[in-house]
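In the UniProt record's numbering, the protein residues as written are 1 to 304.
Below is one structure, written out as structure tokens; the observations come after it.
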């Protein structure tokens, strides 16, 4: 079942079209990557889902019904433009933001202190936000986004500004939240994070939906039918024109790493039979699937 259904959503600002009849479904319990270059329309769609912006056309359904303001309380939103009140104390601000999402003062205090301990920042409670570094402030804002245990989390560039250790801490928490039943929308330019975390993606470019689907499904769809063969032999692998071409074959002592381009429709078992008929030992054989970064560039460039 889908937690969010965007049906034919459009948004214009004067003559500028920000979204052009975009339809996207976000499945429950998944990590969903919302991708696209700067200015593609991602943030506009996120703001429409959060009811910050009203669409010019189309419908947003939340759990099967038209989204309402009360549904927004079940959403946690971490915008790319970070915003904390610099003169307020960290604890006071975190309490205020948690109660805006409907938590009682007691529940908010208990949950926030638990999160502060988990992130090792309990000593920050009485500091002013202006005393924190950018990374420290982002930790606080992440906590205030997730503290009310939202059904849907929308995280816009959540790893921006974090060092590798703290970026991994946030990744681990995102995966835990998914395990606990939250649905996460991840808007990012970091394709490594997309491959590591996301189950499904949607790519928006120039206000239009370009592609949507499972990450593995899309990576295989845009594959070029190449495989990597690692083998041991004193001689090089011989090609088989009807089955595959050898694109490269590098050798270190008698250990070879070859990239083969299979002919379309080729039976993998037939390829392997041809390989093992030669005087060599197969160490590994695997499909070379393109990275999401390469697919992103290819699709956006084609649109251009």
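By construction, the Cβ of each residue, glycine as well, lies at the ideal position given by its N, Cα and C atoms.
* **Beta-carbon proximity list for residue 238, same chain, < 7 Å, skipping 5 on both sides** => To locate residue 238, count along the chain shown from 1; it is residue 238. For residue 238, where only same-chain residues beyond five positions count, the Cβ hits under 7 Å are 278.
* Inspect the beta-carbon positions of residue 151 and residue 74 and report whether they are closer than 7 Å. => The residue given as residue 151 occupies position 151 in the chain shown. The residue given as residue 74 occupies position 74 in the chain shown. A contact, by the Cβ cut-off of 7 Å.
* May I ask you to verify whether the segment 132 to 151 touches the segment 51 to 59, counting CB pairs closer than 8 Å and requiring at least 3? => no
* Asked: Between residue 260 and residue 247, which are expected to be in contact by the criterion C-beta below 8 Å, what is the C-beta distance as a whole number of angstroms?
  -> The count along the chain shown starts at 1 and reaches residue 260 at position 260. The count along the chain shown starts at 1 and reaches residue 247 at position 247. Between residue 247 and residue 260 the Cβ distance is about 7 Å, and since that is below 8 Å, they are a contact.
* Under 7 Å between C-beta atoms of residue 51 and residue 22 -> Numbered from its first residue, the chain shown carries residue 51 at position 51. Numbered from its first residue, the chain shown carries residue 22 at position 22. Going by C-beta atoms, residue 51 is not nearer than 7 Å to residue 22.
* What is the rounded straight-line gap between the Cα of residue 265 and the Cα of residue 287? -> Taking the chain shown and counting its residues from 1, the one referred to as residue 265 is at position 265. Taking the chain shown and counting its residues from 1, the one referred to as residue 287 is at position 287. Roughly 14 Å between the two C-alpha positions.
* Unbroken beta strand (DSSP E) run spanning residue 214, endpoints -> Numbered from its first residue, the chain shown carries residue 214 at position 214. Its beta strand (DSSP E) spans residues 208 to 214.
* To do: Look at residue 300 and residue 205 and say whether their C-beta atoms are less than 7 Å apart.
  => Counting from 1 along the chain shown, the entry for residue 300 is found at position 300. Counting from 1 along the chain shown, the entry for residue 205 is found at position 205. Using a Cβ distance threshold of 7 Å, residue 300 and residue 205 count as a contacting pair.
* Asked: Across which residues does DSSP place residue 284 in a beta bridge pair?
  -> Position 284 of the chain shown, counted from the start, is the residue given in the question as residue 284. Answer is 230, bridged to residue 284.
* To do: Return the first residue and the last residue of the beta strand (DSSP E) that residue 45 is part of.
  => One-based indexing of the chain shown puts residue 45 at position 45. Counting along the chain, residue 45 falls outside any beta strand (DSSP E), though it belongs to the alpha helix (DSSP H) covering 42 to 49.
* Sequence-distant residues of the same chain with beta carbon closer than 6 Å to residue 12, five excluded per side -> Residue mapping note: residue 12 aligns to position 12 of the chain shown, counting from 1. So the qualifying residues of the chain are 56.
* Asked: Excluding five sequence neighbours on each side, which residues of the same chain lie with their C-beta closer than 7 Å to the C-beta of residue 220?
  -> Residue 220 sits at position 220 when you count from the first residue of the chain shown. Hits under 7 Å: 289.
* What's the C-alpha gap between residue 189 and residue 175? -> In the chain shown, residue 189 corresponds to position 189, counting from 1. In the chain shown, residue 175 corresponds to position 175, counting from 1. Roughly 19 Å separates the two Cα atoms.
* Would you grab the beta carbon distance between residue 293 and residue 191 for me? Rounded to a whole angstrom, and I think it's under 8 Å. => Taking the chain shown and counting its residues from 1, one reaches residue 293 at position 293. Taking the chain shown and counting its residues from 1, one reaches residue 191 at position 191. Contact between residue 293 and residue 191 holds: their C-beta atoms lie close to 4 Å from each other, under 8 Å.
* **Beta-carbon separation (whole angstroms), residue 3 vs residue 183, contact threshold 8 Å** => Here residue 3 refers to the residue found at position 3 of the chain shown. Here residue 183 refers to the residue found at position 183 of the chain shown. That belief holds up - the Cβ atoms of residue 3 and residue 183 are roughly 5 Å apart, short of 8 Å.
* **Residues bridged to residue 200 (per DSSP)** => Along the chain shown, one-based indexing puts residue 200 at 200. For residue 200, which the question treats as bridged, DSSP gives the partners 32 and 214.
* **Given 8 Å, three or more beta-carbon pairs between the segment 86 to 106 and the segment 140 to 150** => yes
* Asked: Who are the near neighbours of residue 53 in its chain, counting only those whose CB is closer than 8 Å to its CB and skipping five residues on each side?
  -> For the purposes of this step, residue 53 is taken as residue 53 along the chain shown, with counting starting at 1. Counting only Cβ-Cβ distances below 8 Å, and skipping sequence neighbours, we find 11, 44 and 47.
* Asked: Nearest-angstrom Cα distance between residue 107 and residue 194?
  -> Locating residue 107 in the chain shown gives position 107, counting from the first residue. Locating residue 194 in the chain shown gives position 194, counting from the first residue. Cα to Cα, residue 107 sits roughly 33 Å from residue 194.
* Can the beta-carbon of residue 84 be found less than 7 Å from the beta-carbon of residue 187? -> Here residue 84 refers to the residue found at position 84 when the chain shown is read from its first residue. Here residue 187 refers to the residue found at position 187 when the chain shown is read from its first residue. No, they are not a contact pair.
* Asked: Can you tell me the Cα-Cα spacing of residue 244 and residue 139, whole angstroms?
  -> Position 244 of the chain shown, counted from the start, is the residue given in the question as residue 244. Position 139 of the chain shown, counted from the start, is the residue given in the question as residue 139. One C-alpha to the other measures close to 51 Å.
* Asked: Taking the alpha helix (DSSP H) that residue 139 falls in, what are its first and last residues?
  -> Position 139 of the chain shown, counted from the first residue, corresponds to residue 139. Unbroken alpha helix (DSSP H) run through residue 139: 134 to 146.
* **Limits of the unbroken alpha helix (DSSP H) element including residue 19** => Taking the chain shown and counting its residues from 1, one reaches residue 19 at position 19. Unbroken run through residue 19 is the beta strand (DSSP E), 16 to 27; no alpha helix (DSSP H).
* **Cβ neighbour criterion (16 or more within 10 Å) applied to residue 234** => For the purposes of this step, residue 234 is taken as residue 234 along the chain shown, with counting starting at 1. Its Cβ having fewer than 16 others within 10 Å, residue 234 is exposed.
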